[in-house]
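Numbering-wise (my numbering), the sequence shown opens with residue 18 and increments by one. Working notes for the structure below.
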Amino acid sequence: MPGARILLLGGGAVGARAARQLVEADDVARVYVADPDGARRANVVKSTGDKARDGGADGDAAKGRIDGVLLAGPVGTHVDAAREHLAKGRAVVS
18 MPGARILLLG
28 GGAVGARAAR
38 QLVEADDVAR
48 VYVADPDGAR
58 RANVVKSTGD
68 KARDGGADGD
78 AAKGRIDGVL
88 LAGPVGTHVD
98 AAREHLAKGR
108 AVVS
């Protein structure tokens, strides 16, 4: 399955909507949904189809290559996450 592997940090309203859009994109192979709330994370994964996977509470469960990260968590949580993922050479959208 060619395409980008995206880590989505945040499974709230914005993250859930973003996940639905990402799984519909032809150039996205996999979307890992990460959120500290396990039930919310599971609901987003279940509702978005075959491309979505559980990324764990903080994204560590997203094994292997990650091409890009979409930060959809609460206000004030993006800066440190952006720095971390940019240092790993990943594209970041906040």
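All residues carry an ideal CB built from backbone N, CA and C; glycine is no exception.
Spatially closest choice to residue i from the options, by CA coordinates
i: Val40; options: Arg70, Gly106, Gly27, Ala89; result: Arg70
i: Gly85; options: Thr94, Ala78, Ala99; result: Ala99
i: Thr65; options: Leu25, His102, Ala78; result: Leu25
Heavy atom of the ligand GTP within 7 angstroms of residue i beta-carbon
i: Ala46; result: Looking for the ligand GTP in the displayed structure turns up nothing, as the structure carries no ligands at all.
Spatial distance of residue i from residue j (CA atoms)
i: Lys52; j: Ala74; result: Strictly speaking, residue 52 in this sequence is Asp, with Lys absent from that position. Roughly 5 angstroms separates the two Cα atoms.
i: Val92; j: Pro19; result: 33 angstroms
i: Arg47; j: Ala108; result: 15 angstroms
Residue i burial status per 10 Å Cβ neighbour count (16 or more: buried)
i: Lys68; result: buried
i: Arg58; result: buried
i: Val62; result: buried
Opening and closing residue of the beta strand (DSSP E) in which residue i lies
i: Arg82; result: Run containing Arg82: none; DSSP gives neither H nor E here.
Boundaries (first-last residue) of the alpha helix (DSSP H) holding residue i
i: Ala36; result: 30–41
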